[in-house]
Structure formats: structure tokens, C-alpha cells
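Here is the structure we will look at.
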Amino acid sequence: MVYLMVEQQFAKYPWCQRTIRGIFEEVRKRRIHVQEVSELPGGAEERSCVLLVGASEEWINQTAREAGSLGLHPVVLSNRETNSSGLSVSSVKMDIHSSMELAVDYLRTLGRERLALFGVNPSASSDLWRARRFGELTGREGDVFFLGSSVNEIFDQFYEKIHRYDGVICASDYAAVSLVGRLREKNYAIPEKLYVVGYGDMFLSRLFRPSITSISDDYESFGKAALAICAMMEKNDAFSVVSVKLKSRLHIRETTENRPYLPDSRPVVPVPIPENRFFGDMEFTKLANLETMFNECDETDFMLLHLLPQELSYSVMAQQCFISETAAKYRVKKMQKLCGAYNREELTELIGNIL
Numbered sequence: 042m043v044y045l046m047v048e049q050q051f052a053k054y055p056w057c058q059r060t061i062r063g064i065f066e067e068v069r070k071r072r073i074h075v076q077e078v079s080e081l082p083g084g085a086e087e088r089s090c091v092l093l094v095g096a097s098e099e100w101i102n103q104t105a106r107e108a109g110s111l112g113l114h115p116v117v118l119s120n121r122e123t124n125s126s127g128l129s130v131s132s133v134k135m136d137i138h139s140s141m142e143l144a145v146d147y148l149r150t151l152g153r154e155r156l157a158l159f160g161v162n163p164s165a166s167s168d169l170w171r172a173r174r175f176g177e178l179t180g181r182e183g184d185v186f187f188l189g190s191s192v193n194e195i196f197d198q199f200y201e202k203i204h205r206y207d208g209v210i211c212a213s214d215y216a217a218v219s220l221v222g223r224l225r226e227k228n229y230a231i232p233e234k235l236y237v238v239g240y241g242d243m244f245l246s247r248l249f250r251p252s253i254t255s256i257s258d259d260y261e262s263f264g265k266a267a268l269a270i271c272a273m274m275e276k277n278d279a280f281s282v283v284s285v286k287l288k289s290r291l292h293i294r295e296t297t298e299n300r301p302y303l304p305d306s307r308p309v310v311p312v313p314i315p316e317n318r319f320f321g322d323m324e325f326t327k328l329a330n331l332e333t334m335f336n337e338c339d340e341t342d343f344m345l346l347h348l349l350p351q352e353l354s355y356s357v358m359a360q361q362c363f364i365s366e367t368a369a370k371y372r373v374k375k376m377q378k379l380c381g382a383y384n385r386e387e388l389t390e391l392i393g394n395i396l
């Protein structure tokens, strides 16, 4: 059984509605039943899942903990990372880091290196992660513009420094539409002087003029991923949690002059791989070889290993193991090879402290 629970304060947000629509579209395709609930049910079937659609960390953690106490497995659908330490929580989320890498790399391939990040909401953890990744990629932490008391305030701050930039990434399409609209009022040449990339791929960014290049968060795919997780959890007792990150897509429009994205195709420069000192130690190497051998042994092999210290002939060992002498020799040589022993005597010595 699969349940669906939505954090009500976000229920009317476009991203939330798109997520829910994607869930029920997948439900229709799979012909399964998902029950939407306002409270978590008690007495649910074993390994039942509950899809949690929300954005606030407090609600997600509290509801996930309550779900676990009722025997439900929580699957969180969110556009942000979740801090679910100590909880068995599966998740579907956007790959925020990769989406910022996509935006920065796209602008750089177009020759735009002097970049800013505009419209970061300090109350949205997803925006803060975007800002952090932007700083890591560009080294321009001082060129991040946070929303303050008003949009006018942040625009004025940005406009004072606009001569420093040839490209700007907006934390949302709302911020992008606001920025481009205000620059248009000032007759500032977009995209000639400044390339703009937004986030969200909303109708606003498609219909606005100039139309805004945008990174899409494919919320409709949340449902497909979430229900796939539920199916895996139901069929596999060995699974504790399953986490999925959804890739973002670039939608190229007029604010980047409709120029295509041609990713850098230079070969990856190899980096030195540090030595693994753990298995460089001879004692650990021998133990690892023994473990490899034991993994390949069957019951007859273990019988032979127990007989080796008695220094019996192959003929006698074969009789006691109910196999031919040829088979006994073959099995012992196979085990010698698996654990790196040169001969039967060294194999006997290696297992002496174990068996």
C-alpha cells in the first residue's frame, strides 16, 4: 500500500502541484492505488510506503519519524536535501549541485566568465546550496545577491555593479523575470550586454520577452521515481533506503541569444591515485586472500581444509570427503591459487591460525 501526505503550507505552490500531478499520472500508468491522507494511518500493511511532499525540514523530519514509528517507510519528495540523520528515509530530490554546474558551464562555453548569482532567498535551503555551489565553481562568493526587504533593494544593489558582469544566473524564474523586466525599463541591452539564465522553466520564462533561458527541475518525474522506490522497497527486504537524484535540463532561449550548449569535450586529465596502504600491509593482504578463498569454498572444500593440518595423503583425504583423489588434488590446488599460496604446506600454514 502507498500513501501520500502533503505539507499543507506548500500545497498550492506550482512545484508542489506539479509533483502531485506527476505522482497521479504515474499511478494511472501503473494502475495502482495511492491513498492521499491528512494524517498518517495506523495498522498499515507491512512495508507500506508513505510519500511525503514538503519543503520544511521540521515537517519532513517530524512526519518521517512518526511514519517510522507506525511501521511505514517514508519516501521524501523535495527540491532540497533532507537532514534525516538517524532515520530510515528514502528520497527523491533534484540534483542542485549538478544543475548549478550546468548553468555555469553553459555560460562559460559562451565566453561569459564574469558571473553573478541573483535573487537568492536566504530562507530557502535549496537557494543557499545553489549559492554555495556557485561560489565553489566560480570563486565569486562576493557576487551573490540575496533577497532582502524588497526586490527594489536587491535590484539597486545589482545595478550599481552591473558593469562587472557579462552573465547572471537567477535562483528562480521569478527573479529572472523581475531582473530582465527592470533592465528592460532602463533600456539595458539584454542579451547583448548581459546573458541571463533562470531556474524553473516556468511559463513566465517562456512567454516573457525576451524569453528567458532556464534550467528546469523536472517535478513531473518525481512520481515515477517515488513509485519505483516503493516497488523496490516492497520486493527487497535487504534494502534499507533508496535515494534518487533527478537531473535538470537546460532550455535555451533569447536571453542567451538561443546559442546552443556545446559542453567542453577536452579529455579528462588523469590524477594520481593514492596508494591504499591498508592492503599494502602483508598481514592484511594475506587475510584478504583467505577471505577471497573462503567465499569460493563449498562444504567439501572446508572438510579438506580441516584435514590439511593432519598431513594426510590425498588418497585418505579423498576417502574421508567421499570424492576421488583427483578431485581432492584439484580442489586443494584451486584453494592454493585463490589465497596466493605456493604449495599445500603454505596453504596449511595460512589457515593454521584461522581454522
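Each residue of the sequence shown is one higher than the one before, counting from 42 in the working numbering. Think of the CB as a built atom: it goes at the ideal place given N, C-alpha and C, for glycine as much as any other residue.
Check: If we ignore side chains and look at the alpha-carbon of each, how far apart do residue 84 and residue 129 end up?
Finding: A straight line joining the alpha-carbon of residue 84 with that of residue 129 spans about 19 Å.
Next item on the list: Tell me whether residue 83 sits in a helix, a strand or coil according to DSSP, three-state version.
Entry: Correct three-state label for residue 83: coil.
Notebook entry, point to check: Bridge partners of residue 290, per DSSP?
Noted result: Its beta-bridge partners are 257.
Next item on the list: Following the continuous beta strand (DSSP E) through residue 76, name the residue where it begins and the one where it ends.
Entry: Looking at the DSSP string, the run of the beta strand (DSSP E) that includes residue 76 is 75–77.
Item checked: 6 Å CB neighbourhood of residue 381 in its chain, flanking five on each side removed -> The answer, listed in chain order, is 330.
Next item on the list: Flag this pair as yes or no: are the beta carbons of residue 46 and residue 93 separated by less than 7 Å?
Entry: Between residue 46 and residue 93, the gap from beta carbon to beta carbon is short of 7 Å.
Item checked: C-alpha distance - residue 213 paired with residue 225, whole-angstrom precision -> Between residue 213 and residue 225, the C-alpha separation is close to 18 Å.
Check: Just reading off the alpha helix (DSSP H) that residue 368 is part of, what are its end residues?
Finding: Counting along the chain, residue 368 sits inside the alpha helix (DSSP H) bounded by residues 366–380.
Next item on the list: Please classify residue 254: is it buried, with 16 or more other beta-carbons within 10 angstroms of its beta-carbon, or exposed?
Entry: Classification of residue 254: buried, given that the 10 Å Cβ count is 16 or more.
Check: How would you label residue 186, buried or exposed, when you count the other beta carbons within 10 angstroms and need 16 or more for buried?
Finding: Buried, since its Cβ has 16 or more Cβ neighbours within 10 Å.
Margin query: Quick check: the Cα distance between residue 58 and residue 52, rounded to an integer number of angstroms?
Written below: Taking the CA atoms as reference points, residue 58 sits about 7 Å from residue 52.
Note to self: Suppose the cutoff is 7 Å on Cβ atoms and the five residues either side in sequence are ignored; what does the same chain contact list for residue 105 look like?
What the structure shows: Around residue 105: 93, 115, 117, 125, 128 and 130.
Next item on the list: Can you tell me which of 183, 371, 68 and 138 puts its alpha carbon nearest to the alpha carbon of residue 258?
Entry: For residue 258, the closest C-alpha among the options 183, 371, 68 and 138 is that of 138.
Notebook entry, point to check: Opposite residue 204 in the DSSP bridges: which residues?
Noted result: According to the DSSP secondary-structure assignment, residue 204 is paired through a beta bridge with no residue.
Item checked: Residue of 217, 107 and 367 minimising C-alpha distance to residue 161 -> Answer by Cα proximity: 217.
Check: Can you list, in chain order, the residues of its chain whose CB lies under 7 Å from that of residue 282, leaving out five sequence neighbours each side?
Finding: So the qualifying residues of the chain are 129, 130 and 131.
Check: In terms of alpha-carbon separation, which member of 269, 333, 145 and 324 lies closest to residue 67?
Finding: For the set 269, 333, 145 and 324, the Cα lying nearest the Cα of residue 67 is the one of 269.
Next item on the list: Could you say which of 159, 325 and 288 lies nearest to residue 221 if we only look at CA atoms?
Entry: It is 159 whose Cα lies nearest to the Cα of residue 221.
Notebook entry, point to check: Can you list, in chain order, the residues of its chain whose CB lies under 6 Å from that of residue 275, leaving out five sequence neighbours each side?
Noted result: 88, listed in sequence order.
Margin query: What does the alpha-carbon distance come out to for the pair residue 304 and residue 109?
Written below: Computed Cα separation, rounded: 44 Å.
Checklist line | Sequence-distant residues of its chain with Cβ nearer than 7 Å to residue 189 (five each side left out) | finding: Excluding positions up to five away in sequence, the list reads 195.
Note to self: Applying the 10 Å Cβ sphere with the 16-neighbour rule, what's the burial state of residue 242?
What the structure shows: Counting Cβ neighbours within 10 Å, residue 242 comes out buried, since at least 16 surround it.
Next item on the list: For the alpha helix (DSSP H) holding residue 215, just list the boundary residues, first then last.
Entry: Run containing residue 215: 214–226, per the alpha helix (DSSP H) assignment.
Notebook entry, point to check: Under a Cβ-count criterion, where at least 16 other Cβ atoms within 10 Å of its own Cβ denotes burial, should residue 394 be classed as buried or exposed?
Noted result: With fewer than 16 other Cβ atoms inside 10 Å of its own Cβ, residue 394 counts as exposed.
Notebook entry, point to check: Based on the DSSP output, what are the partners of residue 240 in its beta bridges?
Noted result: Per DSSP, 256.
Checklist line | Selected residue, minimal CA-CA separation from residue 296, among 367, 328 and 209 | finding: Looking at 367, 328 and 209, the one whose alpha-carbon comes closest to that of residue 296 is 209.
Check: Measuring CB to CB, does residue 323 end up less than 7 Å from residue 379?
Finding: Using a Cβ distance threshold of 7 Å, residue 323 and residue 379 do not count as a contacting pair.
Checklist line | Cβ shell of residue 271 (< 6 Å), same chain only, five flanking positions each side left out | finding: Answer for residue 271: 43 and 90, listed in chain order.
Next item on the list: Would you mind sorting residue 326 into buried or exposed? The rule is 16 or more other CB atoms within 10 Å of its CB.
Entry: Exposed is the call here.
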